[in-house]
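Trainee: Each residue of the sequence shown is one higher than the one before, counting from 439 in our numbering.
From the three backbone atoms N, C-alpha and C, an ideal C-beta is built for every residue, glycine too.
Below are the structure tokens for one structure; questions will follow.
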Amino acid sequence: MAKSSVAVASMPNASPRAPVLAIGFGRGFGGKSTLLTEVAYRARNQGRDVIVADFDARSKTLADLFPGAVVPQTEELPDLKTEFSKLLNRMAKDKASAVVDFGGGDRFMLEYGRDLRLVEFCERRGIEPVAIYVLGPEVEDLRHCLSIYEAGYFRPKRTILMLNEGVIREGRTVVGAFEQTMADPGFQRMVSGGAVPMLMTRLPCMDAIKERRLNLYEAATNGQLDPVEEFMLDDWLADLETKRQKFNVGDWLP
């Protein structure tokens with residue numbers, strides 16, 4: 439039997455790592471929750487515990503997939519801020535990593551940034567902050583991400599720009615779809631500032647996986663999917679990991 443291409447990622451990482459605060463940003467239906475789900479499963483598949491927090495008012499994807507996920511009592515801004523502060527305290531005290539979905543995130547980061555210099559807090563407490571922007575090809579996707587980045591309230595040294603092929607309209611090529619985004623001065627400023635652009639390829643069977651609420655890494659090897667879907671998923675995970683290693687961002691994640 440052929441060995442899965444993601445099997446190497448399933449081996450526990452024995453070396454000590456600093457806790458990571460990975461926050462995902464992006465417009466709705468752009469693939470942000472999908473990527474954050476993969477990031478959380480990746481950490482657990484490699485033997486590392488991670489707190490999952492879902493602050494997305496429109497879609498509770500992470501809360502549905504991860505029992506015990508941190509969820510605010512209401513979607514009102516004061517409750518969001520209180521719950522996020524509790525999460526940061528827990529991370530600092532327990533030396534724990536977290537994957538956080540803020541939905542759009544623009545309004546929250548603007549408000550919370552006035553209360554706490556988040557990047558500086560993380561650095562003082564030994565936490566590695568990571569911003570993960572997930573962009574589709576529409577100009578509004580980039581504008582949304584730029585509004586958060588250029589506000590400056592959460593601009594860590596470790597920033598990933600994930601261009602999502604999965605939301606490209608049928609008939610458009612990857613190059614054609616993202617050409618305007620990559621040529622935009624704002625995008626180039628982010629890259630010049632150290633942000634790492636990557637392409638997340640389309641996974642044809644993603645809808646089937648979501649509907650069944652499968653652990654992405656387990657489903658790639660344990661026979662829960664049919665052989666074609668299992669191969670597609672395994673190939674998709676391996677492609678993500680290969681790119682992370684190529685751009686030296688694999689160790690940025692929880």
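(1) Below 8 angstroms, can you find three or more Cβ-Cβ pairs linking the region 467-482 to the region 500-511?
(2) If distances are taken between C-alpha atoms only, which option among G688, V612 and D494 comes closest to E603?
(3) Roughly how many angstroms lie between the CA atoms of S535 and G631, to the nearest whole one?
(4) Grouping DSSP H, G and I as helix and E and B as strand, with all else coil, what is T659?
(5) Quick one: what's R571 bridged to in DSSP?
(6) In angstroms with no decimal places, state the Cα-to-Cα distance between E521 and F546.
(7) Whole-angstrom Cβ separation of A456 and E566, contact assumed at under 8 angstroms?
(8) On a CA-only basis, which of E558, L675, A460 and Q618 is nearest E576? Give me that one, please.
(9) Relative to the C-alpha of P642, which residue among V605, F625 and Y655 is closest?
(10) Exposed or buried, S523, counting other C-beta atoms within 10 Å across all chains shown (16 or more means buried)?
(11) Shortest alpha-carbon distance to D487 belongs to which of V537, L601 and S471?
(12) Check V490 in the structure and name its three-state DSSP category.
(13) Which residues in the same chain have their Cβ closer than 6 angstroms to the Cβ of G564, if we skip the five residues on either side of it in sequence?
(14) Taking the alpha-carbon positions, what's the R650 to N686 distance?
Mentor: The relevant details are as follows:
(1) yes
(2) Reading the sequence shown from its first residue, position 165 is the one you call residue 603. Among G688, V612 and D494, the Cα nearest to that of E603 is on V612.
(3) In the sequence shown, the residue the question calls residue 535 occupies position 97. In the sequence shown, the residue the question calls residue 631 occupies position 193. Computed Cα separation, rounded: 25 angstroms.
(4) Taking the sequence shown and counting its residues from 1, the one referred to as residue 659 is at position 221. Note: T659 maps to coil in three-state DSSP.
(5) Locating residue 571 in the sequence shown gives position 133, counting from the first residue. Correcting the residue type first, residue 571 is Tyr in the shown sequence and not Arg. The partner list for Y571 (beta bridge, DSSP) reads F463 and L599.
(6) Here the question's residue 521 lines up with position 83 in the sequence shown. Here the question's residue 546 lines up with position 108 in the sequence shown. Going by the C-alpha atoms only, they are around 12 angstroms apart.
(7) In the sequence shown, residue 456 corresponds to position 18, counting from 1. In the sequence shown, residue 566 corresponds to position 128, counting from 1. Sure, about 5 angstroms apart at Cβ, within 8 angstroms.
(8) What you label residue 576 is simply residue 138 of the sequence shown in a count that begins at 1. It is Q618 whose Cα lies nearest to the Cα of E576.
(9) Counted from its first residue, the sequence shown places residue 642 at position 204. Ranking V605, F625 and Y655 by Cα distance to P642 puts V605 first.
(10) Here residue 523 refers to the residue found at position 85 when the sequence shown is read from its first residue. Exposed, by the Cβ-count rule.
(11) In the sequence shown, the residue the question calls residue 487 occupies position 49. The shortest Cα separation from D487 among V537, L601 and S471 belongs to V537.
(12) Along the sequence shown, one-based indexing puts residue 490 at 52. Note: V490 maps to strand in three-state DSSP.
(13) Locating residue 564 in the sequence shown gives position 126, where the first residue counts as 1. Sequence-distant partners of G564 (beyond 5 residues in either direction) whose C-beta falls short of 6 angstroms from its own C-beta, in its chain, are A456.
(14) For the purposes of this step, residue 650 is taken as residue 212 along the sequence shown, with counting starting at 1. For the purposes of this step, residue 686 is taken as residue 248 along the sequence shown, with counting starting at 1. If you take the alpha carbons of R650 and N686, they lie about 32 angstroms apart.
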